[in-house]
Amino acid sequence: METPKFLLGDHADYNDDIFIIHIEFPRFILNLVNDEVLWLEDIADSDANDLTNEMEALIRQAEEFYDEQMKKFDTL
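Just so you know, the sequence shown maps onto residues 14 to 89 in the working numbering.
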């Protein structure tokens, strides 16, 4: 099965939050409202340093994904 790189997450108990889920390595959930990141991987400290630049790029991509999805919803 082919899956998208990012998914939108919504939850009735978190009405004010907007979640983007990255399902490829390194997997994480980004809360766009407060920029909190929940890691779904067990990342060693040495690997965390290597992932810093990659994470910045992935977070930008997640934000762009959200903007693109909202534009699509606006046209419905």
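Heads up, the beta-carbon is just placed ideally off N, CA and C, and yes, glycines get one too.
Straight-line Cα distance separating residue j from residue i
i    : j   : result
V46  : A25 : 15 Å
L71  : D29 : 23 Å
L64  : I34 : 17 Å
N44  : L51 : 8 Å
N150 : E54 : Absent from the structure is residue 150, since the part of the chain shown begins at 14 and ends at 89.
Where the beta strand (DSSP E) containing residue i begins and where it ends
i   : result
I34 : F32 to H35
F97 : The chain is shown only over 14 to 89; residue 97 falls outside these bounds and no answer can be derived.
L43 : F41 to N44
L51 : V50 to W52
Cβ-Cβ distance between residue i and residue j below 9 Å
i   : j   : result
I42 : T16 : no
L21 : Q74 : no
Local conformation of residue i per DSSP, three classes
i   : result
L89 : coil
N66 : helix
M83 : helix
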